[in-house]
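One structure below.
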Amino acid sequence: MKILKKILNNYIYIVFCFLFGLLLSDEFDTSALENCVRFNVEVDRKVYFGGENLYLLFNVEIDEGFHIYSVHPEKSLSPTYVDIIDSVYFSILGIINEPEPLKKFDKNFNQDIYYHKNNIRLVKNLKLSDSLENNKYKVNGIFEYYACDESMCIPRWDDFSFEFQVFDGEKREDFDLEPFPTKYASDIPLTELETEINKGLFSFILFAIGMGFLALLTPCVFPMIPITVSYFTKEGEKEDNNPIFSASLYALGIIVIFTTLGLLLSFTLGASGAGDLAANPWINIFIASLFIYLAFSLFGYYEIQTPSFLRQFSINQENRGGIIGILFMSLTFTLTSFTCTVAFVGALLATASQGAIFWPIIGMLSFSLAFASPFFLLALFPQYLSKLPKSGGWLNSVKVIMGFLEIAAAFKFISNVDLVWNWGIFDRSMVLLIWAIIFILMGLYLLGLIKMPFDSPIKKISFNRIIFCIIFLFVGIYLSTGLFNNKLHGLIESYLPPDKEKIWIEDLDVGYKVSKELNKPIFIDFTGYTCTNCRWMEINIFEEDEVKKIFENFVLVKLYTDGKEKNHKKNRQLEIERFGTAALPYYVILSPDDNVLGTFPGMDTNKDKFIDFLNNSRNKFEY
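Numbering-wise (the working numbering), the sequence shown opens with residue 1 and increments by one.
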């Protein structure tokens, strides 16, 4: 009775608001609400036998800024409803199955409301009568809903019809599905981002900060650790350097540039603009050249000086462009991190590209604040070390080692250029060979066999030098074993160029064709040539025996989104327009008839979570 009373009160209130809106029709234009919701109706298959289940599919398109209510009476002010007029053909009229609705608190009604927006699929289960004869049937119905925006709602009663064919035959048990199949979920799944936005500002900020800290665990940010340490070690040697100011400027620069550049590119070039910039071969050449330039400065061959035409923009003229240099490092950090955009940032940039401003700005600022905070400490620490007494000898050796690591990192970006421009020079074997040589040179340097300009003569090799020398030589030898088709540690492999695998299809249209022929669902891997997190998943998760066995039940499709070919642009548009994100990696499973069975955003170190995603999606298909 309480539920019934609540529904009645809400219904009366809605009717009152509707009538009040009509009275104020001069002030409120309801024409936009007239066409904001569109739908078509289809049945789940062409032929039925008497007594079988018929699933009536409503593909609903809802314009931006509008919504309809949930189908559940206990969750809705006025539930969305389907009325079948010709009910004589059915023995049971089931309720509607819907995707998980959104939730928000409505001040006008003083309660939580549940609603849908964007594109959704609703499913009504109808059980055919056992007495139906061999014939073709046409059924009429009414789709009842409220079309709403932020200011008002209007009721709609839209007519529809559908046809189905019944043949003589015994009911097929394998088609006797449950009343509420999960197979027909929304074609555009509800994202975590949308969920958190609907929870409110404070919850959204905490979520963004949490995603920023999680992003620090991904391999794509690791190359910036030695770069940051080495650069600010050099900064700390300047007499007039203020460590706290430099570290703060670096962190603030990351936050501002990350947010501004990401949003600017999204507004101008679309959701993938930031990723496209980071994957651009010229940008990768620039980053590689910068790393090599910094490396030889650490070796002691020259001092870094900002060009005179940039130096004039620096606030501190006596610091020889220190401010400009630090901001330059912030830009480099931003470009590097964009090469493997996490799911959260990818969804934010997709939202920004569609015209949203407030939530993307808040999200990017909160995310980058958490993302930059550890690098504030990394920038601060070596500057204080540089000011310690007697720091010259050992600190110079640290700088040289950091220089070698920067050269190694540079070849990661050079290999990105090779992949996009298809040189075929800096493949996995070549990069491994270069890395192995670099680590061996690091070991020889610590033994005093290689001299740099500012090195002091080594009278006695210390115990620490011997230990680190052994470590570097061991790493060099270990890397060289990868030249003989030996798989290395997953983290190392994630930085190497990917190998082309024959089992993967790189054209979605071909994937659909094979999927229908084999009656297998499609596993889509949205990936990128420059995506380190993608390589990590491929090496550490995809290569697991259990995962490889499950993959046998799928048609495997790999779609690159950051190349220059036409199909790469098409792949990128597909990910953004259909799934609302530009994140890499991003995994989707589709049925042969193009229903979304599951999505898995971004990199995740939890193998079991990924396996559950595969199994659940496969079960939906088989079901």
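Even for Gly, the Cβ is constructed at its ideal location relative to N, Cα and C.
### Query
If you measure from the CB of His-116, is any heavy atom of the ligand FMN nearer than 6 Å?
Summarising the ligand content, the structure contains no ligands, and the ligand FMN is consequently not present.
Local conformation of Cys-469 per DSSP, three classes | As a first step, residue 469 is located in the sequence shown; it is residue number 469 there, counting from the start. The answer is helix: DSSP assigns Cys-469 an H, G or I state.
Exercise for review: Just confirm the distance between the C-beta atoms of Phe-105 and Asn-134, as a whole number of angstroms; I'd bet it's less than 8 Å.
Suggested key: Reading the sequence shown from its first residue, position 105 is the one you call residue 105. Reading the sequence shown from its first residue, position 134 is the one you call residue 134. About 53 Å separates the Cβ atoms of Phe-105 and Asn-134, ruling out a contact at the 8 Å cut-off.
message: Less than 7 Å between the beta carbons of Val-555 and Ser-515, yes or no?
response: As a working note, residue 555 is residue 555 in the sequence shown. As a working note, residue 515 is residue 515 in the sequence shown. In contact: Val-555 and Ser-515 (Cβ atoms closer than 7 Å).
Test item: CB-CB of Phe-143 and Asp-130 under 7 Å: As a position in the sequence shown, residue 143 is number 143, starting the count at 1. As a position in the sequence shown, residue 130 is number 130, starting the count at 1. Taking 7 Å as the Cβ cut-off, Phe-143 and Asp-130 do not qualify as a contacting pair.
| task | Work out the CA separation of Pro-360 and His-67 for me, nearest whole Å. | result | Taking the sequence shown and counting its residues from 1, one reaches residue 67 at position 67. Taking the sequence shown and counting its residues from 1, one reaches residue 360 at position 360. In a straight line, the C-alpha of His-67 is about 21 Å away from that of Pro-360.
Exercise. Would you call Thr-334 buried or exposed, if buried means 16 or more other Cβ atoms sit within 10 Å of its Cβ?
Worked result: Here residue 334 refers to the residue found at position 334 when the sequence shown is read from its first residue. Its Cβ being crowded by 16 or more others within 10 Å, Thr-334 is buried.
Point to revise | Phe-367 versus Phe-358 - alpha carbon distance | key: In the sequence shown, counting from the first residue as 1, residue 367 sits at position 367. In the sequence shown, counting from the first residue as 1, residue 358 sits at position 358. Distance between the alpha carbons of Phe-367 and Phe-358 is about 14 Å.
| request: Going by CA-CA distance only, name the one from Asn-110, Ile-96 and Ile-113 that's closest to Val-660. | output: Absent from the structure is residue 660, since the part of the chain shown begins at 1 and ends at 623.
Since Lys-399 and Leu-298 should fall inside the 8 Å C-beta cutoff, what is the C-beta to C-beta distance between them, to a whole number of angstroms? Numbered from its first residue, the sequence shown carries residue 399 at position 399. Numbered from its first residue, the sequence shown carries residue 298 at position 298. Right, their Cβ atoms sit about 4 Å apart.
According to DSSP, is Glu-144 part of a helix, a strand, or is it coil? Here residue 144 refers to the residue found at position 144 of the sequence shown. In this structure, Glu-144 counts as strand in the three-state DSSP scheme.
*To the nearest angstrom, report how far apart Asn-125 and Gly-65 are at their CA atoms.*
Position 125 of the sequence shown, counted from the first residue, corresponds to residue 125. Position 65 of the sequence shown, counted from the first residue, corresponds to residue 65. Answer to the nearest angstrom: the Cα atoms are 30 Å apart.
- Residue from Ser-91, Pro-226 and Ile-84 with nearest C-alpha to Phe-162: Residue 162 sits at position 162 when you count from the first residue of the sequence shown. Among Ser-91, Pro-226 and Ile-84, the Cα nearest to that of Phe-162 belongs to Ile-84.
For His-116, which beta-bridge partners are listed by DSSP? Translated into the one-based positions of the sequence shown, residue 116 becomes position 116. Its beta-bridge partners are Ile-68.
Q.
If the criterion is Cβ atoms closer than 7 Å, does the pair Met-402 and Pro-223 meet it?
A. Translated into positions along the sequence shown, residue 402 becomes position 402. Translated into positions along the sequence shown, residue 223 becomes position 223. Not a contact, by the Cβ cut-off of 7 Å.
Between His-568 and Ile-244, what straight-line distance do the alpha-carbon atoms span, to the nearest angstrom? The residue given as residue 568 occupies position 568 in the sequence shown. The residue given as residue 244 occupies position 244 in the sequence shown. Rounded to the nearest angstrom, the two C-alpha atoms are 44 Å apart.
- Hey, how far is the Cα of Asn-615 from the Cα of Thr-599? Residue mapping note: residue 615 aligns to position 615 of the sequence shown, counting from 1. Residue mapping note: residue 599 aligns to position 599 of the sequence shown, counting from 1. Those two C-alpha atoms are separated by around 12 Å.
Given a threshold of 16 other Cβ atoms within 10 Å of its Cβ, counted over all protein chains shown, does Glu-686 qualify as buried or as exposed? One cannot answer for residue 686 here, as it falls past the ends of the chain, which runs 1 to 623.
Looking only at its own chain, which residues have a Cβ that is under 7 Å from the Cβ of Arg-38, when we skip the five neighbours before and after it? On the sequence shown, residue 38 is found 38 positions in, with the first residue counted as 1. Contacts found: Glu-61.
- Query: What's the C-alpha gap between Ile-113 and Pro-79?
  - Reply: Along the sequence shown, read from residue 1 onward, the residue named residue 113 stands at position 113. Along the sequence shown, read from residue 1 onward, the residue named residue 79 stands at position 79. Looking at the two C-alpha atoms, the distance is approximately 10 Å.
message = Using the Cβ count rule (16 or more neighbours within 10 Å means buried), how would you classify Glu-42?
response = For this step, residue 42 is matched to residue 42 along the sequence shown. With fewer than 16 other Cβ atoms within 10 Å, it is exposed.
Counting only runs of 4+ residues fully inside the region 411-497, write out the alpha helix (DSSP H) ranges in chain order. 428-446, 463-481 and 490-493
Margin query: Assuming Leu-54 is part of the beta strand (DSSP E), what are its boundary residues?
Written below: In the sequence shown, residue 54 corresponds to position 54, counting from 1. Counting along the chain, the beta strand (DSSP E) containing Leu-54 begins and ends at 53-62.
Relative to the C-alpha of Ile-522, which residue among Met-211, Cys-534, Leu-132 and Phe-551 is closest?
-> If you number the sequence shown from 1, residue 522 lands on position 522. That would be Phe-551, whose Cα lies nearest to the Cα of Ile-522.
*Does the pairing of the region 429-448 with the region 460-473 give three or more beta-carbon distances under 8 Å?*
Yes, since at least three Cβ pairs between the region 429-448 and the region 460-473 fall closer than 8 Å, the two stretches touch.
Notebook entry, point to check: Can the beta-carbon of Leu-483 be found less than 7 Å from the beta-carbon of Ser-429?
Noted result: The residue you call residue 483 lines up with position 483 of the sequence shown. The residue you call residue 429 lines up with position 429 of the sequence shown. The Cβ atoms of Leu-483 and Ser-429 lie closer than 7 Å to each other.
**Message:** So, with DSSP's three-state summary, where would you put Glu-575?
**Reply:** Locating residue 575 in the sequence shown gives position 575, counting from the first residue. In the structure shown, Glu-575 sits in a helix (DSSP, three-state: H, G or I).
Item to complete: Inspect the beta-carbon positions of Glu-627 and Phe-328 and report whether they are closer than 7 Å.
Response: This structure cannot speak to residue 627, because the chain is shown only from 1 to 623.
request  = Return the CA-CA distance between Leu-263 and Glu-577, expressed in angstroms with no decimal places.
outcome  = Working through the sequence shown from its first residue, we reach residue 263 at position 263. Working through the sequence shown from its first residue, we reach residue 577 at position 577. Taking the straight line from one Cα to the other gives about 18 Å.
Hey, could you find the ends of the alpha helix (DSSP H) Glu-546 is sitting in?
Translated into the one-based positions of the sequence shown, residue 546 becomes position 546. Where Glu-546 is concerned, the enclosing alpha helix (DSSP H) stretches over 545-551.
Residue closest to Leu-56, alpha-carbon to alpha-carbon, out of Ala-251, Asp-63, Leu-128 and Val-88: As a position in the sequence shown, residue 56 is number 56, starting the count at 1. Of the candidates Ala-251, Asp-63, Leu-128 and Val-88, the one whose C-alpha sits nearest the C-alpha of Leu-56 is Leu-128.
| message | Residues in the same chain with beta-carbon distance under 7 Å from Glu-543, minus the five sequence neighbours each way, listed in chain order, please. | response | As a working mapping, residue 543 is identified with position 543 in the sequence shown. Result list for Glu-543: empty, nothing under 7 Å.
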